[in-house]
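Remarks on the structure that follows.
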Amino acid sequence: MPNLRARIATLRAKFLDAQLAAERHDPLTFEPDIDNLAAFRLLAHAEFEDYLETKARDGLTSIETAFSNNQKVSGNVSLLVIAISLSKSLRLESPHWSSDVTELLRTARDWINKNNGIKDASFTMLSVFSGKMPDEVDGALSASLSAYGTSRGDVAHKSATRVTTIQAPSVEARAVDALIDELDDYFG
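Residue numbering for the sequence shown follows the working numbering, beginning at 7 and increasing consecutively.
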């Protein structure tokens, strides 16, 4: 989380701080720089996606370490949840466990590498890879990330001058701050 907060602070300084000050100084006639707001949204989204993918990779590495240290399956149910999530089978015979676990983790890492977004399905899968159980996935956070992902799509696929979802700098900043706080609570 410190890395995510630091990156968002850097983006805020580069794209929002001057606009936030101008908005506070003259809120009624303030003219936002929509290119900077669009850039902030797009890059903040990339940071959220990177954060979630890193959490997922870290979760897979923890599983890999546990199994290389001969941890029993009962001590790491996440492996079974990941197998179900990826529709992969694990053979019950112990001679196959090592190769099956290695293959499952490779498949999960491939899934992460091909991931493109932070919408509901991606968030759920990345959460499972990070060690969350399906009933622990935060539906409200998932919806917030999905909405943010949709708004990122608006600025990624259209000219900023045609995007109608860009908000005032203070609103854009609050949206990102809220997501960071929610992620911190979720993974805390």
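From the three backbone atoms N, C-alpha and C, an ideal C-beta is built for every residue, glycine too.
Being a predicted model, the structure only gives us computed values, none of them experimental.
Query, Result
"Close-in-space but distant-in-sequence residues of the same chain around residue 178 (CB under 8 Å, 5 per side omitted)", "22, 43, 46, 47 and 172"
"Buried versus exposed call for residue 120 [16 or more other C-beta atoms within 10 Å across all chains shown]", "exposed"
"Segment contact flag, the region 92-102 with the region 159-169, C-beta cutoff 8 Å, min 3 pairs", "no"
"Outcome for residue 18 when other beta-carbon atoms lying within 10 angstroms are tallied against a minimum of 16", "buried"
"Which of helix, strand or coil DSSP assigns to residue 93", "coil"
"Validate contact between the region 156-164 and the region 48-56 using beta carbons, cut 8 Å, 3 pairs", "yes"
"Three-state secondary structure (DSSP) of residue 119", "helix"
"Residue 24 burial status per 10 Å Cβ neighbour count (16 or more: buried)", "exposed"
"Beta carbon of residue 118 nearer than 8 Å to that of residue 135", "yes"
"Ordered list of alpha helix (DSSP H) runs contained in the region 25-82, each at least 4 residues", "40-74"
"Residue 124, DSSP secondary structure in three states", "coil"
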